[in-house]
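Chains as they are written, first to last, in my numbering: chain A, 23 to 321; chain B, 23 to 321; chain C, 28 to 255; chain D, 28 to 255. Beneath this line is the structure, given in structure tokens, with notes to follow.
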Amino acid sequence: MKASRIFNHTIKQGFQGIYRNRTMSLASVGSVTAVLVILGLIIMIILNVSAISVSTKEKFDEIYVYLDDSITNQRIREIGEEIGSYEGTLAVVFQSKDYALEKMKEEWGEDGRLLEGLVNNPLPNTYVVQLRDVSYASALIKHIEQKDGIEEVKYYKDIVEKLISTAEFIQVFGVIVIIILLLVSIFIIQNTIKITVASRKVEIELMQYIGASNGFVRGPFIFEGVVLGCMGAFLAIIVVLNGYDYLVSYSNEKLFSMLSVYLIPANMISLDILIIFVTIGVGIGILGSIVSLRKFLSV
Amino acid sequence: MKASRIFNHTIKQGFQGIYRNRTMSLASVGSVTAVLVILGLIIMIILNVSAISVSTKEKFDEIYVYLDDSITNQRIREIGEEIGSYEGTLAVVFQSKDYALEKMKEEWGEDGRLLEGLVNNPLPNTYVVQLRDVSYASALIKHIEQKDGIEEVKYYKDIVEKLISTAEFIQVFGVIVIIILLLVSIFIIQNTIKITVASRKVEIELMQYIGASNGFVRGPFIFEGVVLGCMGAFLAIIVVLNGYDYLVSYSNEKLFSMLSVYLIPANMISLDILIIFVTIGVGIGILGSIVSLRKFLSV
Amino acid sequence: MFEFHNVTKIYKNKFTAVKDINLKIEKGSFSFVVGKSGAGKTTLIKLLIKEVNPTEGTIFFNGEDITYLSSRRIPLHRRKVGVVFQDFRLLNKKTVYENIAFAMEMVGQSPKSIRREVPNVLSMVGLSDKATNFPNELAGGEQQRIAIARAVVNRPDLIIADEPTGNLDPETSNEIMKIFSEINRRGTTLLMVTHDRTIVDMMKKRVIELKNGRIIRDTEEGDYYEGF
Amino acid sequence: MFEFHNVTKIYKNKFTAVKDINLKIEKGSFSFVVGKSGAGKTTLIKLLIKEVNPTEGTIFFNGEDITYLSSRRIPLHRRKVGVVFQDFRLLNKKTVYENIAFAMEMVGQSPKSIRREVPNVLSMVGLSDKATNFPNELAGGEQQRIAIARAVVNRPDLIIADEPTGNLDPETSNEIMKIFSEINRRGTTLLMVTHDRTIVDMMKKRVIELKNGRIIRDTEEGDYYEGF
Ligand SMILES: Nc1ncnc2c1ncn2[C@@H]1O[C@H](COP(=O)(O)OP(=O)(O)OP(=O)(O)O)[C@@H](O)[C@H]1O
Ligand SMILES: Nc1ncnc2c1ncn2[C@@H]1O[C@H](COP(=O)(O)OP(=O)(O)OP(=O)(O)O)[C@@H](O)[C@H]1O
Ligand SMILES: [Mg+2]
Ligand SMILES: [Mg+2]
């Protein structure tokens, strides 16, 4: 049989199938859309949690080395060089005690006048160390703490770790929900297609009695699955991207700006969403069709 | 026909229908469960956001009235009485400047030693006013500010308002998602039942040819819808309550305790969830059945 | 039993399946309806059980006008009529036993009488040993006999059979005809559509012949072909 | 054309539908299969088109052993056989025209030959004016003729007809038999299951009689009943 004829047959029968079983087709597309929209929601949450946790981590991911007031400038320089030569160090910045007080006054704003009444500056000279990676932190702290002339080493370890673990928790939780949702959706769509196929049992059996090859029988159904999956995916993309776009502009303007937390702009992830959704939509369609058709191939 | 016979027939046929169309039944229950689980997730988020926002609001919902250092004890008392007699005031507490400094030292913990070096206590005597309701805030502030001997009135208006608007946003967003989900789920389940009914078209038509009354024809299908809806609801309840219970204990222990944010315990809302879910499940089942059966009643 | 007054049925695609039919069937009678394929025989039956409404004319059943019936009253009307459908209409998901029990449940028979009557009627059509089979495990003729069993089990006033022997060998056909005769003798009105010349010629009953939707012959004790 | 060697079919519920059948059908022949309802006639056909596998024995088709075929080779085998099913198996969602065109598409006929052949075969069975109807808008006999048209349209080597006149009036039956004779005359092998005594007696062809799954008679130029 000519390939072009098989191709034409597959396309024609596929679309005819979708049209003739409109209700079922609509249900399938609806299911795919619903699942993908929820999936999109979760992906957005995960992406943003990751982004926020990275930016927050950066803010907190510094080690403060407070120096004794009694040591000499020579020793201060030495300590700076030692820290700078450590392999985990990305950058070291010296903050004099006067600068620290100024900065504190500034940061406190109105409450800064509380500090006006101080006789001596109680703040220490400080080295602010930026790490290549969080994993170097404990080694570096151990390394420095023993040195002479160090009053205290301060690191927001707890906060950073809790932050990381919170973010990880949300991500793991999200991935679990995604997996459950995917299973549920494959289940729903598999059933939908199983029913589509069952409702055409007579047709499939007849095709087989007439002597149509297995590919010829399966082709239109698989194509139908792909088309339904794609339609669901495209609907979901429209809903998710527009919804997210609206959410971003609304929330960035009105809500989270005060937390200096910004959501990832929609256009930065639209391509990923497109690829992910179409892949999943088509995958679900093909998978559902094949699984549903399997039992008919033994006839 | 005897009522008990109709009843028995309805029950028997309903369960038989569920069993004979296992795949479809499973799909329906799966859909209901999936939708309700997602619904549960959103309800949990909304409830907790509300609870957190209420508790946070309470924390911030105080007006600090800073008094001039120069005024007499007499005037201090007068101001206290004036504030206390205002209709929006729930409670007034006097905080002497010494107490304020002690408290600050305590709150700052390690950093408290910064305050050791102060010559004078720069903090003012303060009245902390608790309001009956946020809405009284601006009136009270206006009322007090004009008074003699008041240095400043402080109120975390911005934070409270942003907090409220964030919580409201999340709630509105959640409700919208819930409505969309409910529509999607009714759509899915309606289609599922439509297909169940369609797959039994022959049976229904035959019943009508034999002369079964409309109620007799419809009964088992509606009962079937109710059972499927209930099963979905119960599965969803199990998933949601257990999942939430786990989440609460996990997160309260490990994560949010540092933010002094606690999730609502599962047992406090389990009854509500039960009622909501069963109602929705049964409602979806009945609605889906009736809608799907309508076109067969004209035969 | 029933009467047709100037009944015409035109299907949605403008096809006139039955045209200006006047017909009176007496209580307790036994009549054959014959005619070429497409003559309108099945349409006549569909009109009688309210599967389709007539485009024109009036239909009476037991003296009552049933031309148009509300959806509440159709079931009550149909309980008086047992139909053997040309395409059997058995439920593939129910066993033979359940198919017949189902017809009894539908009209509210007691479980006790169901347990008594189903085996009775199965042995009547000679299929007692197939009670637990599903319809698609049966031979064509066996399915047809199940359809007959189901139509008679509720003892309706009128039994309509649409080609009840189309898939039966002559011997089995004769047995079935004996059953129908016996049922008719006990007082049930019988109306049978058939193409089986042998049966019609043998039974010597009233024959109504349709052609292109019109009655072209109506003879007592007639034959399959006119004038034989 | 095909041969059965000691073929037995026992269904899952231990029912022996066909027992120890030996049968050889010559290319270009015309044979009737007769027997009571449940004798195993349809089972014989199902064995031949690989709808069921034999429990014992061997089946040859055109000299090739088809007792067991892989799922890839079944379609190729079935293209050589056109079947008129006892229950028609028309697609209710396709029009009459589409039902026949569908059978042609399935085996890869060109759109041009589809446009040419479908009207041909429809006029052959006398249903040109029903081309745009759906099957459930047709009379029983009309559906049966569509099933016949579909079986012959691909010009298979062998045509098997399971009660192709069960729902037809004698006149239409005769027309259909003329068509079958003509097709057979052009070289197509024909195997027909029937209960229609008139047809069998008239045609004077080979008659194979089954009883309880066994061949109890096999006569050239036979009658419906033995010894008539
Ligand atoms: N729903 C319908 N829509 C359009 N035409 C119809 C419909 N039902 C039946 N017809 C047409 O009406 C005519 C009469 O149909 P009917 O089923 O009454 O024939 P019949 O006498 O029972 O034939 P047979 O002996 O073949 O069963 C046929 O030509 C058929 O095509
Ligand atoms: N799938 C099956 N499972 C069990 N028994 C079956 C199955 N299919 C057929 N049978 C039994 O096998 C026997 C032969 O069936 P078959 O369909 O071959 O009969 P037939 O000769 O075609 O009869 P008819 O003339 O009534 O169509 C019957 O008694 C039937 O009940
Ligand atoms: Mg008819
Ligand atoms: Mg058969």
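Beta carbons: idealized from backbone N, C-alpha and C, even for Gly.
Open item on the list: Suppose the cutoff is 7 Å on Cβ atoms and the five residues either side in sequence are ignored; what does the same chain contact list for phenylalanine 116 of chain A look like?
Closed with: Answer for phenylalanine 116 of chain A: Gly102 and Tyr149, listed in chain order.
Open item on the list: As a quick exercise: from A:Lys169, A:Ser77, A:Ile260 and A:Ile33, pick the residue whose alpha carbon is nearest that of tyrosine 88 of chain A.
Closed with: Looking only at A:Lys169, A:Ser77, A:Ile260 and A:Ile33, the smallest Cα-Cα distance to tyrosine 88 of chain A is reached by A:Lys169.
TODO: State yes or no: is the beta carbon of lysine 77 of chain D nearer than 7 Å to at least one beta carbon in chain C?
DONE: No, its Cβ sits nowhere closer than 7 Å to a Cβ of chain C.
Task: Residue-chain proximity (alanine 166 of chain C, chain D), Cβ-Cβ < 7 Å - done: Yes, contact with chain D.
- [ ] Could you check what DSSP says for tyrosine 108 of chain B in three-state terms: helix, strand or coil?
- [x] In the structure shown, tyrosine 108 of chain B sits in coil (DSSP, three-state: anything other than H, G, I, E or B).
Task: Pick from B:Ile166, B:Pro146, B:Lys34 and B:Gln38 that is closest to tyrosine 121 of chain B, judged by C-alpha positions - done: The residue among B:Ile166, B:Pro146, B:Lys34 and B:Gln38 with its C-alpha nearest the C-alpha of tyrosine 121 of chain B is B:Pro146.
Task: Strand pairing of aspartate 91 of chain B, partner residues [DSSP] - done: Note: aspartate 91 of chain B is not bridge-paired with any residue in the DSSP secondary-structure output.
TODO: Could you confirm whether any beta carbon from chain B is found closer than 7 Å to the beta carbon of valine 145 of chain C?
DONE: Judged by the 7 Å Cβ criterion, valine 145 of chain C is not in contact with chain B.
Open item on the list: Measuring only the C-alpha atoms, how far is glutamate 190 of chain C from valine 262 of chain B?
Closed with: Straight-line measurement puts the Cα of valine 262 of chain B at about 59 Å from the Cα of glutamate 190 of chain C.
TODO: Could you tell me if aspartate 196 of chain D is buried or exposed, where buried requires 16 or more neighbouring beta carbons within 10 angstroms of its beta carbon?
DONE: That one is buried.
Open item on the list: Quick check on DSSP: helix, strand or coil for tyrosine 38 of chain C?
Closed with: Three-state DSSP puts tyrosine 38 of chain C in coil, outside helix and strand.
Open item on the list: Contact defined as beta carbons within less than 8 Å: I believe valine 227 of chain D pairs with valine 61 of chain D. What is the distance between those atoms, to the nearest angstrom?
Closed with: Contact holds; Cβ gap of about 7 Å.
Open item on the list: Please return the same chain residues whose Cβ sits closer than 8 Å to the Cβ of lysine 77 of chain C, not counting the five positions on each side in sequence.
Closed with: Cβ neighbours of lysine 77 of chain C beyond the five flanking positions: Ile93, Leu96, Ile101, His104 and Arg105.
Open item on the list: Buried or exposed for valine 194 of chain B, going by 16 or more other Cβ atoms inside 10 Å?
Closed with: It counts as exposed.
Open item on the list: Tell me the rounded alpha-carbon separation between serine 279 of chain A and lysine 223 of chain A.
Closed with: With a pLDDT of only 48 at serine 279 of chain A, under 50, the local geometry of the prediction cannot be trusted, and the value read off the model is given with reservation. Taking the straight line joining both Cα atoms gives about 58 Å.
Task: DSSP-derived helix/strand/coil call for glycine 340 of chain A - done: Residue 340 of chain A cannot be examined here, being either before or after the span of chain A that is shown, 23 to 321.
Open item on the list: Nearest by alpha-carbon distance to glutamine 136 of chain D: which of A:Ile297, A:Ser26, A:Ala255 and A:Gly265 is it?
Closed with: For the options A:Ile297, A:Ser26, A:Ala255 and A:Gly265, the alpha carbon positioned closest to that of glutamine 136 of chain D is the one of A:Ser26.
Task: From D:Val220, D:Met229 and D:Pro183, residue whose alpha carbon lies closest to that of asparagine 286 of chain D - done: Past the boundaries of the shown model lies residue 286 of chain D; chain D is included only from 28 to 255, so the question cannot be answered.
Open item on the list: Check this for me: beta carbons of glycine 65 of chain C and glutamate 169 of chain D, under 7 Å apart or not?
Closed with: In contact: glycine 65 of chain C and glutamate 169 of chain D (Cβ atoms closer than 7 Å).
Task: Range of the contiguous beta strand (DSSP E) that encloses methionine 219 of chain D - done: Here the beta strand (DSSP E) through methionine 219 of chain D covers 216-220.
TODO: With arginine 27 of chain A as the anchor, note down where its alpha helix (DSSP H) starts and where it stops.
DONE: It spans 25-42 - the alpha helix (DSSP H) in which arginine 27 of chain A sits, taken as one unbroken run.
Task: For valine 134 of chain D and isoleucine 11 of chain A, believed in contact at Cβ under 8 Å, the rounded distance - done: The structure shown does not extend to residue 11 of chain A, since chain A is modelled only from 23 to 321, so the question has no answer here.
TODO: Run the CB neighbour count on methionine 290 of chain A, radius 10 Å, all protein chains shown included, and call it buried at 16 or more, exposed below.
DONE: Per the 10 Å Cβ criterion, exposed.
Open item on the list: Closer than 8 Å between beta carbons: that is the criterion. Which residues of the stretch 221-239 of chain C meet it against chain D?
Closed with: So the list reads His222, Arg224 and Thr225, given in the order they occur along the chain.
Open item on the list: Judging by CA-CA distance, which residue of C:Lys68, C:Ala158, C:Ile48 and C:Gln113 is the nearest neighbour of methionine 87 of chain C?
Closed with: A small fix is needed here, since residue 87 of chain C is phenylalanine in this sequence, not methionine. Ranking the options by Cα distance to phenylalanine 87 of chain C, first place goes to C:Ile48.
Open item on the list: Tell me the DSSP secondary structure of valine 60 of chain C in three-state form.
Closed with: The answer is strand: DSSP assigns valine 60 of chain C an E or B state.
TODO: Could you list which residues in chain D have their beta carbon closer than 7 Å to that of methionine 229 of chain A, in chain order?
DONE: Within 7 Å Cβ-Cβ: Met133.
Task: Residue environment, glutamate 132 of chain C, which counts as buried when at least 16 other CB atoms sit within 10 Å - done: Per the 10 Å Cβ criterion, buried.
Task: Residues that isoleucine 323 of chain A contacts on chain B, provided the C-beta gap is smaller than 9 Å - done: Because chain A is modelled from 23 through 321, residue 323 of chain A falls outside the range shown and cannot be assessed.
Task: Supposed contact pair asparagine 160 of chain C and asparagine 119 of chain C - C-beta distance, whole angstroms, cut 8 Å - done: Incorrect: roughly 11 Å between the Cβ atoms, too far for contact.
- [ ] Identify whether aspartate 189 of chain D lies in helix, strand or coil by the three-state DSSP scheme.
- [x] In the structure shown, aspartate 189 of chain D sits in a strand (DSSP, three-state: E or B).
Open item on the list: Less than 6 Å separating the Cβ of glycine 67 of chain D from some heavy atom of ligand 3?
Closed with: No; taking the cut-off as 6 Å, the Cβ of glycine 67 of chain D has no heavy atom of ligand 3 nearer than that.
Task: Residues near glutamine 96 of chain B by beta carbon distance below 6 Å, same chain, minus five either side - done: For glutamine 96 of chain B, where only same-chain residues beyond five positions count, there are no Cβ hits under 6 Å.
TODO: Taking only runs that begin and end inside the stretch 75-127 of chain D, name each unbroken beta strand (DSSP E) of 3 or more residues, in chain order.
DONE: If only complete runs of 3 or more residues are kept, the stretch 75-127 of chain D shows the beta strand (DSSP E) at 83-88 and 108-111, in order along the chain.
TODO: From the DSSP output, in three-state form, read off alanine 122 of chain A for me.
DONE: Judged by DSSP in its simplified three-state form, alanine 122 of chain A adopts helix.
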